[in-house]
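To start, the structure under review is shown below, and the notes come after it.
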């Protein structure tokens, strides 16, 4: 493909992420035909489809046609009254343009179904509506193109917009069905498929107007109620599951099986104090997964791992991952089936236990060492033993203890000069 | 022309002037309700999870002599059943979102096998969205896969015969599935359904409408199937079991040490319960 290939050299320039380099080259060149400033207005990039051919912009010499403008009468097919109007017309070589008035095609109107008197008698009589009113309604509908707000305004007797709509749509629907050859023909017509529902419309509009006119306070109250309801449902679900599992865990350690839904029972005997917290965590995660309706196994594993290590610090998590690598286990399983994910999770938990035990052992050993320094009773032991992860000051004190070789009082810096002051012989000035 | 009613209220609602009822109606509006007829199909089976194991990825061939600057590789991205069975029973449609420099970067595939082939020169992340049938789940699921064209070892010219294959195994889990869905797929080869408790009463299965334009829906005899990777959980399980044994042995050892220490030092503090 290129020289490198021919020579058999290894490819050095590898995956270029995007094709951005292409368009960037083009913007450097300025196209001819329009000035530099105008081109810069477009943002420095040529438009994909040149809207105007740049050659067109500069030249406009008159062609070989003779053009004059004349004040001429014209006919508008959209008008019914034959009114004769005049306007300027572009006449080319003495010939006026042909064709209808160019705006006549915009005179569109709605197709209103018209009924005959017979049809009215047969299908459309209604105790609430007289024939006269219905006729008036349809006339207005035609004149005003089904703009019901205007129609309602113009209607002689006072009827609401919903009533007018209802009458119009039900009449049209009945006519459609009556005139159709078979019911199947019109079944797909929107009027037949979804009839107008007056009460629903009234209710909807009322609700909308109320919503629109609610004060700021009402709006805030609504939001609070909704948020509260959401919180309650969310807390109710995992809390209920956690409750059930906690109650079971108190009785025996086998409850752990139930909480981790049907997974093979773990062989490790975790201390009973720990079981409720892990099962509660698991239960909450399971509940949130169930709310998702669909999820990937890897996502579920991530969530469970997070829940299990929620009380562990970042350093501990890193150490767990290190241990996994040392054991030759993938940090993310390559074949995440249900069984594999369960085993992976259990392994992680066991590693956490192991690390905690190691830490305990370390503290115990440190404790044991410090214990040999302070054999005199009454020496406060609390001060000597401060876990190094807790405070920086604690670390310093710990280090100082280790340096001290001779047995003696572990005391803080200010008091040691006082100690050394004691053996000083009495000076004459003291007397 | 007809102003069809877009909002349906849940059940019968008597217009009420009480303030609490108005608040309720205010909150209810805007939520489309399910038709009462479909209520039975919306029942879910509790404590059962349906699992669909899938493999998704890309296979890319170098075009060799036929390659040009802008089209150096021909690649295919796909989602297949882990055992190469037909996924059409669960998945209705897959949408592959490609790099914006492609024409129509949003490509929808409406029938199995769910795959898409293209020619190009660059590597990028493909977003794969799975849409499920109506009785399965109305929420789509997103997957992401990085298209790899160039092989790991850069030694020598690329071969046109050996493609670059990257596949990932995963499982789609449907907790508490709909009864209709469960009834339909309980014996389907692409779907793992656990043993159902005796109390579960399922409706008779209703087959779902499927578009079968491409002949075979499964990928057992797919033209690329020779390159498909094998994902067996056995290896991983073995390794995990071995690791667990090792860790457990360590734990026992440490516990023994700790209890020994507790026995020897009289001034030992009570073991504080470090939470896991």
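Chains as they are written, first to last, in the numbering used here: chain A, 1 to 431; chain B, 432 to 707.
Glycine included, every Cβ here is placed at the ideal spot set by N, Cα and C.
Excluding sequence positions up to five away, which residues of its chain have a Cβ less than 8 Å from the Cβ of residue i?
| i | result |
| --- | --- |
| residue 113(A) | 171, 172, 175 and 176 |
| residue 554(B) | 577, 578, 579, 580 and 581 |
| residue 687(B) | none |
| residue 501(B) | 551 and 552 |
| residue 413(A) | Note that residue 413(A) scores a pLDDT of 45, beneath 50, so its modelled location is shaky; the value from the coordinates is reported in the next line. Excluding positions up to five away in sequence, the list is empty. |
| residue 152(A) | 159, 160, 161 and 164 |
Quick check: the Cα distance between residue i and residue j, rounded to an integer number of angstroms?
| i | j | result |
| --- | --- | --- |
| residue 394(A) | residue 366(A) | No answer about residue 394(A) holds up, because its pLDDT of 40 lies below 50 and its placement is not dependable. |
| residue 142(A) | residue 160(A) | 18 Å |
| residue 282(A) | residue 345(A) | 11 Å |
| residue 694(B) | residue 679(B) | 23 Å |
| residue 125(A) | residue 103(A) | 41 Å |
| residue 691(B) | residue 323(A) | 26 Å |
| residue 121(A) | residue 617(B) | 59 Å |
| residue 629(B) | residue 614(B) | 14 Å |
| residue 64(A) | residue 96(A) | 17 Å |
| residue 360(A) | residue 529(B) | 53 Å |
| residue 331(A) | residue 325(A) | 7 Å |
| residue 155(A) | residue 140(A) | 8 Å |
| residue 233(A) | residue 473(B) | 20 Å |
| residue 328(A) | residue 351(A) | 14 Å |
| residue 574(B) | residue 356(A) | 36 Å |
| residue 499(B) | residue 6(A) | 15 Å |
| residue 123(A) | residue 182(A) | 17 Å |
| residue 479(B) | residue 127(A) | 58 Å |
| residue 341(A) | residue 495(B) | 42 Å |
| residue 604(B) | residue 625(B) | 12 Å |
| residue 321(A) | residue 645(B) | 46 Å |
| residue 546(B) | residue 510(B) | 6 Å |
| residue 216(A) | residue 208(A) | 16 Å |
| residue 43(A) | residue 8(A) | 43 Å |
| residue 538(B) | residue 503(B) | 21 Å |
Tell me which same chain residues have a C-beta within less than 7 Å of the C-beta of residue i, skipping the five on either side of it?
| i | result |
| --- | --- |
| residue 138(A) | 112 |
| residue 513(B) | 484, 485, 486, 600 and 662 |
| residue 274(A) | Low confidence applies here, because residue 274(A) scores a pLDDT of 46, under 50, leaving its location unreliable; read the following figure in that light. Excluding positions up to five away in sequence, the list is empty. |
| residue 651(B) | 515 |
| residue 189(A) | 176 |
In the DSSP assignment, find the beta strand (DSSP E) that holds residue i and state where it starts and stops.
| i | result |
| --- | --- |
| residue 655(B) | First-last for residue 655(B): undefined, no H or E at that position. |
| residue 560(B) | 556 to 563 |
| residue 569(B) | Unbroken run through residue 569(B): none, as it is neither H nor E. |
Assuming residue i and residue j form a contact by the criterion Cβ under 8 Å, report the distance between their Cβ atoms to the nearest whole angstrom.
| i | j | result |
| --- | --- | --- |
| residue 91(A) | residue 69(A) | 7 Å |
| residue 648(B) | residue 519(B) | 5 Å |
| residue 560(B) | residue 571(B) | 5 Å |
| residue 296(A) | residue 602(B) | 7 Å |
| residue 198(A) | residue 166(A) | 5 Å |
| residue 288(A) | residue 238(A) | 7 Å |
| residue 682(B) | residue 353(A) | 6 Å |
| residue 364(A) | residue 689(B) | 7 Å |
| residue 343(A) | residue 668(B) | 6 Å |
| residue 685(B) | residue 347(A) | Contact flag wrong, Cβ pair sits at about 17 Å. |
Between which two residues does the alpha helix (DSSP H) containing residue i stretch?
| i | result |
| --- | --- |
| residue 210(A) | 198 to 212 |
| residue 185(A) | 183 to 186 |
| residue 5(A) | 3 to 7 |
| residue 192(A) | 190 to 193 |
| residue 170(A) | 161 to 179 |
| residue 37(A) | 36 to 41 |
In chain order, what residues of the same chain have a beta carbon less than 6 Å from the beta carbon of residue i, not counting five sequence neighbours either side?
| i | result |
| --- | --- |
| residue 612(B) | 566 and 567 |
| residue 22(A) | Since pLDDT at residue 22(A) reaches only 45, below the 50 mark, its modelled position is unreliable, and no value is offered. |
| residue 492(B) | 505 and 594 |
| residue 607(B) | 475 and 477 |
| residue 443(A) | No answer is possible for residue 443(A): the residues shown for chain A start at 1 and end at 431. |
| residue 84(A) | 73 |
| residue 636(B) | 614 and 615 |
| residue 301(A) | 341 |
| residue 458(B) | For residue 458(B), the predicted model reports a pLDDT of 45, less than 50, meaning its position is unreliable and no value from the coordinates is stated. |
| residue 304(A) | 285 and 345 |
List, from N- to C-terminal side, the beta strand (DSSP E) runs of 3 residues or more that fit wholly inside the stretch 585 to 622 of chain B. 595 to 606
What residue ranges within the stretch 481 to 554 of chain B form continuous alpha helix (DSSP H) runs of no fewer than 4 residues, ordered along the chain? Taking 4 residues as the shortest admissible run, the stretch 481 to 554 of chain B contains no complete alpha helix (DSSP H) segment at all.
List in chain order: all unbroken alpha helix (DSSP H) runs of 4+ residues lying wholly within the stretch 105 to 147 of chain A. 131 to 143
Every unbroken beta strand (DSSP E) inside the stretch 59 to 88 of chain A [3 residues or more]: 67 to 74
In chain order, which alpha helix (DSSP H) runs of at least 4 residues are fully inside the stretch 307 to 340 of chain A? 314 to 326
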